[in-house]
Amino acid sequence: MTREILVIGGAGYVGSHAVEALRAEGYVPVVLDNLSGGYREAVGKAELIVGDMGDAALLDMLFSRRQFAGVLHFASLIDVAASQKDPARYYSNNVAATLVLLESMRKHGVAHLVFSSSAAVYGEPEHSPVTEDAARKPVSVYGQTKCMVEDMLAAHHKAYGLHYTSLRYFNAAGAHPNGSIGECHPEETHLIPLVLQAASGRRRSVSVFGNQYPTEDGTCIRDYVHVCDLAAAHVKALESLWNGSASRCYNLGTGKGYSVLEVIRTAERVTGKTIKTDMEKRRDGDPAVLVADGSLAREKLGWVPAYPELETMLQHAWAWESRMAESIRSREVV
Ligand code: UDP
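For the sequence shown, this note's numbering assigns the number 4 to the initial residue and increments by one for each residue that follows.
Okay, here's the thing in structure tokens:
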């Protein structure tokens with residue numbers, strides 16, 4: 004069987020770590036990325052094709068010339084607030100372009116797909132930890148796009164025999180322990196990189212969005228999961244599809260939640276810096292608590308997070324942020 008795997012969005016944060024994970028397991032990742040949120044440098048030695056998943060002619064050419072054993076699909080826009088302001092862009096990129104991909108895969112007989120979904124499909128869950136059978140009630144356009152793709156995948160499975168796994172990430176965090184890749188979004192909105200940028204001096208302070216939630220310290224609780232563990236889950240998911248596992252959705256989280264203030268305190272410990280905070284009002288659509296019941300992925304995929312501790316995620320992310328801050332400083336000096 005061919006060892007080539009098409010990794011769409013492989014130049015982004017989670018995708019680039021999956022490229023590393025595939026290479027480490029002896030696969031040959033081929034990255035297709037439009038570089039809207041990713042970086043050429045992030046794919047390392049893997050082959051990079053710069054292009055769009057919604058470009059049917061490009062996909063047809065790719066699938067007719069190459070033999071892929073499967074596809075990993077990471078190519079989403081991920082900014083919740085932006086999805087509310089410009090929904091058409093999110094439906095077009097996250098949903099319509101995925102349909103183009105599915106059409107092309109079907110046409111060329113490529114039958115195995117692992118999709119990056121999100122805990123955003125649950126919206127404000129009624130119970131915590133959340134299991135996969137909890138109701139999907141997304142509260143943002145971003146979350147809706149993930150539900151729509153999950154529905155398309157289920158329908159393609161039923162009608163055309165597509166084998167798929169949808170991985171619902173909780174909060175991706177950390178960086179590769181070898182220091183080569185990490186989180187780097189064009190416009191950062193996520194808590195951990197913002198906290199670490201405040202520690203490195205790239206930002207004056209970090210905002211805390213709400214401190215009156217029904218949690219112990221009043222700030223939101225999230226389940227942070229190491230990006231390398233997410234990457235490893237993709238490889239396991241693909242291998243288990245090849246071995247005949249059922250097509251379905253899995254939560255990916257550690258099952259342990261940390262509040263925004265706990266993240267900031269742990270970051271202060273890890274970095275040895277004082278992090279200045281600004282108390283702000285709540286962000287629209289933020290649930291108070293979002294923690295995964297990840298037991299299904301453990302049971303069915305044999306997925307066991309290698310780095311379940313928040314402290315380890317922050318150490319790896321801090322090594323990466325220190326490198327980023329240093330490279331920006333040295334450019335400014337020149
Ligand atoms: N958050 C915050 N300040 C920030 C960014 C995020 O207080 O500058 C909070 C946010 O309200 C949420 C948690 O940190 O409760 C994690 O947010 P993030 O955007 O990292 O991920 P999300 O949970 O929205 O996917």
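Where a beta carbon is used, it is the ideal one built from N, C-alpha and C, also for glycine.
Contact check, residue 9 vs residue 46, beta carbons under 8 angstroms: Within the sequence shown, the letter at position 6 stands for residue 9. Within the sequence shown, the letter at position 43 stands for residue 46. Taking 8 angstroms as the Cβ cut-off, residue 9 and residue 46 do not qualify as a contacting pair.
Integer Cβ distance of residue 320 from residue 233, believed to fall under 8 angstroms: Mapped onto the sequence shown, residue 320 falls at position 317. Mapped onto the sequence shown, residue 233 falls at position 230. At roughly 14 angstroms, the Cβ-Cβ gap does not stay under 8 angstroms, so residue 320 and residue 233 are not in contact.
Alpha-carbon spacing of residue 306 relative to residue 236, whole angstroms: Within the sequence shown, numbered from 1, the residue matching residue 306 stands at position 303. Within the sequence shown, numbered from 1, the residue matching residue 236 stands at position 233. Their backbone Cα atoms lie some 6 angstroms apart in a straight line.
Short Cβ contact (8 angstroms threshold) for residue 184 with residue 20: For the purposes of this step, residue 184 is taken as the residue at position 181 of the sequence shown. For the purposes of this step, residue 20 is taken as the residue at position 17 of the sequence shown. Against a cut-off of 8 angstroms, the Cβ pair of residue 20 and residue 184 comes out as a contact.
Whole-Å CB distance - residue 40 paired with residue 15, under 8 angstroms assumed: Stepping through the sequence shown from its first residue, residue 40 is reached at position 37. Stepping through the sequence shown from its first residue, residue 15 is reached at position 12. Contact holds; Cβ gap of about 5 angstroms.
Cβ-heavy atom distance, residue 193 to the ligand UDP, below 7 angstroms: The residue you call residue 193 lines up with position 190 of the sequence shown. Checking every heavy atom of the ligand UDP against the Cβ of residue 193, one is found closer than 7 angstroms.
Length of the line joining the Cα atoms of residue 301 and residue 309: Looking up residue 301 in the sequence shown gives position 298. Looking up residue 309 in the sequence shown gives position 306. Between residue 301 and residue 309, the C-alpha separation is close to 12 angstroms.
Close-in-space but distant-in-sequence residues of the same chain around residue 284 (CB under 8 angstroms, 5 per side omitted): For the purposes of this step, residue 284 is taken as the residue at position 281 of the sequence shown. Excluding sequence neighbours, residue 284 sits near 212, 213.
Stretch-stretch touch, CB-based, cutoff 8 angstroms, three pairs: the segment 52 to 66 with the segment 125 to 137: no
Residue 100 (DSSP reduced to helix, strand or coil): By one-based count along the sequence shown, residue 100 stands at place 97. Here residue 100 sits in helix by DSSP.
Presumed contact (8 angstroms Cβ cut-off) between residue 252 and residue 325, rounded CB distance: Numbered from 1 along the sequence shown, position 249 holds the residue referred to as residue 252. Numbered from 1 along the sequence shown, position 322 holds the residue referred to as residue 325. Their Cβ separation, rounded to whole angstroms, is 36 angstroms, which puts residue 252 and residue 325 out of contact at 8 angstroms.
Whole runs of the beta strand (DSSP E) within the segment 104 to 137, excluding any shorter than 3 residues: 115 to 121
Touch test, the segment 104 to 118 against the segment 146 to 162, Cβ-Cβ under 8 angstroms, three pairs minimum: yes
Contact test: residue 286 Cβ vs the ligand UDP heavy atom, cutoff 7 angstroms: Sequence index remark: in the sequence shown, residue 286 carries index 283 (1-based). The answer is yes for residue 286.
Beta carbon of residue 133 nearer than 8 angstroms to that of residue 75: Against the sequence shown, residue 133 aligns to sequence position 130. Against the sequence shown, residue 75 aligns to sequence position 72. Cβ atoms of residue 133 and residue 75: not closer than 8 angstroms.
Anticipated Cβ contact below 8 angstroms, residue 36 with residue 73, distance rounded: Taking the sequence shown and counting its residues from 1, one reaches residue 36 at position 33. Taking the sequence shown and counting its residues from 1, one reaches residue 73 at position 70. Rounded, the Cβ-Cβ distance is 17 angstroms, inconsistent with contact.
The ligand UDP heavy atom lying under 7 angstroms from the CB of residue 210: Taking the first residue of the sequence shown as position 1, residue 210 is located at position 207. Indeed, a heavy atom of the ligand UDP lies less than 7 angstroms from the Cβ.
Any non-hydrogen atom of the ligand UDP within 7 angstroms of residue 142 CB: Here the question's residue 142 lines up with position 139 in the sequence shown. Checking every heavy atom of the ligand UDP against the Cβ of residue 142, none is found closer than 7 angstroms.
The segment 122 to 133 contacting the segment 284 to 293, beta-carbon criterion three pairs below 8 angstroms: yes
heavy atom of the ligand UDP below 7 angstroms from residue 254 C-beta: On the sequence shown, position 251 is the one that residue 254 refers to. Checking every heavy atom of the ligand UDP against the Cβ of residue 254, none is found closer than 7 angstroms.
Pair within 8 angstroms by beta-carbon distance, residue 83 and residue 143: Here residue 83 is taken as the residue at index 80 of the sequence shown, counted from 1. Here residue 143 is taken as the residue at index 140 of the sequence shown, counted from 1. Yes, these two residues count as a Cβ contact at 8 angstroms.
Three-state class that DSSP yields for residue 53 in the structure shown: Residue numbering aside, residue 53 sits at position 50 when the sequence shown is read from its first letter. Note: residue 53 maps to strand in three-state DSSP.
Under 8 angstroms between C-beta atoms of residue 208 and residue 279: For the purposes of this step, residue 208 is identified with residue 205 of the sequence shown, where counting begins at 1. For the purposes of this step, residue 279 is identified with residue 276 of the sequence shown, where counting begins at 1. Taking 8 angstroms as the Cβ cut-off, residue 208 and residue 279 qualify as a contacting pair.
Contact under 8 angstroms by Cβ, residue 241 with residue 115: Start at 1 with the first residue of the sequence shown, and residue 241 comes out as number 238. Start at 1 with the first residue of the sequence shown, and residue 115 comes out as number 112. Yes, the pair counts as a contact, with Cβ atoms nearer than the cut-off.
Simplified DSSP assignment, three categories, for residue 237: What you label residue 237 is simply residue 234 of the sequence shown in a count that begins at 1. Helix, per DSSP.
Residue range of the unbroken beta strand (DSSP E) whose run includes residue 193: Numbered from 1 along the sequence shown, position 190 holds the residue referred to as residue 193. Neither: residue 193 is in no beta strand (DSSP E) and is coded neither H nor E.
Proximity winner among 111, 227, 43, relative to residue 68 (alpha-carbon distances): Within the sequence shown, the letter at position 65 stands for residue 68. When only C-alpha atoms are compared, the closest one is 111.
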